[in-house]
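Visitor: In the UniProt record's numbering, the protein residues as written are 1 to 207.
Quick look at the structure:
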């Protein structure tokens, strides 16, 4: 059943909110993934058209939601309209990074301690994301975003990339994602320098 309502609440960090139907009934839960337009950030007072459904616990929720004034998403899947490839980019990049580090370490281009450290930090960062998401669901004390950023800066950004994709945590907040991508860029530039002639000479002095 298609309904229309106004977005009354929206938590960008948790990527969900509540719609007040025009009929005045009880507010309906809506998650970011329910919107057909994944590129637009929902805002309070947005007019939403949606299909009324229920979640696994039998609670009412919105699905197939789209913003007023937008054409209804086509039923057929179109590759150009799907952002799935772009969503997978961080995880693909993280996988290539870890594989590249391992190969560079095996070839003696990088100290194996750096490779082991990156793997351990990535695993720890993934756990930190999972812990924070579990806390968010219980409305408990959260892990500060600066802590998650610090773990990524120290070398755990591949774990952050996997967590954002697999756990769908911290994958929507633009300010957080901006800092994340700046961190990734700095690591790529830093690794390029380490593998250059000047970087290699510096590493040799540390051995």
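Yeah, the Cβ is synthetic: ideal placement off N, Cα and C, and Gly gets one too.
Report back the beta-carbon spacing between residue 12 and residue 41 to the nearest angstrom; my notes put them in contact at under 8 Å.
Guide: Right, the Cβ-Cβ distance comes to about 7 Å (below 8 Å), so this counts as a contact.
Visitor: Out of curiosity, what's the CA-to-CA distance linking residue 44 and residue 37?
Guide: Taking the straight line joining both Cα atoms gives about 16 Å.
Visitor: The beta strand (DSSP E) that contains residue 5, what's its start and end?
Guide: Residues 2-11.
Visitor: Are the CB atoms of residue 15 and residue 91 nearer to each other than 8 Å?
Guide: Cβ atoms of residue 15 and residue 91: not closer than 8 Å.
Visitor: Can you give the beta carbon distance from residue 101 to residue 128, rounded, assuming they're within the 8 Å contact cut?
Guide: Between residue 128 and residue 101 the Cβ distance is about 20 Å, and since that is not below 8 Å, they are no contact.
Visitor: Go ahead and label residue 103 buried or exposed: buried means 16 or more other beta carbons lie within 10 angstroms of its beta carbon, across all protein chains shown.
Guide: By the neighbour-count rule (16 or more Cβ atoms within 10 Å), residue 103 is not buried but exposed.
Visitor: In chain order, which continuous runs of the alpha helix (DSSP H) of length 4 or greater are located wholly inside the UniProt domain "CSD" (2-67)?
Guide: Runs found: none.
Visitor: Which residue from 33, 10, 110 puts its Cα closest to that of residue 27?
Guide: Taking only the C-alpha atoms, the option nearest residue 27 is 10.
Visitor: If you draw a straight line from the alpha carbon of residue 94 to that of residue 24, how long is it in whole angstroms?
Guide: So the alpha carbons of these two residues sit roughly 47 Å apart.
Visitor: Is the CB-CB distance between residue 3 and residue 52 below 8 Å?
Guide: Cβ atoms of residue 3 and residue 52: closer than 8 Å.
Visitor: Look at the Cβ atom of residue 67, then the Cβ atom of residue 46, and state whether they are nearer than 8 Å.
Guide: Going by C-beta atoms, residue 67 is nearer than 8 Å to residue 46.
Visitor: Just list the alpha helix (DSSP H) runs in the region 111-195, keeping only unbroken ones of 4 residues or longer that don't cross its boundaries, in chain order.
Guide: Listed in chain order, the complete alpha helix (DSSP H) runs (minimum 4 residues) inside the region 111-195 are 112-137, 145-151, 157-166, 174-194.
Visitor: State the DSSP-derived secondary structure class of residue 76, mapped to helix, strand or coil.
Guide: Note that residue 76 scores 43 on pLDDT, short of 50, meaning its location in the model is unreliable; the coordinates nonetheless yield the value given after this. DSSP places residue 76 in coil when its eight states are reduced to three.
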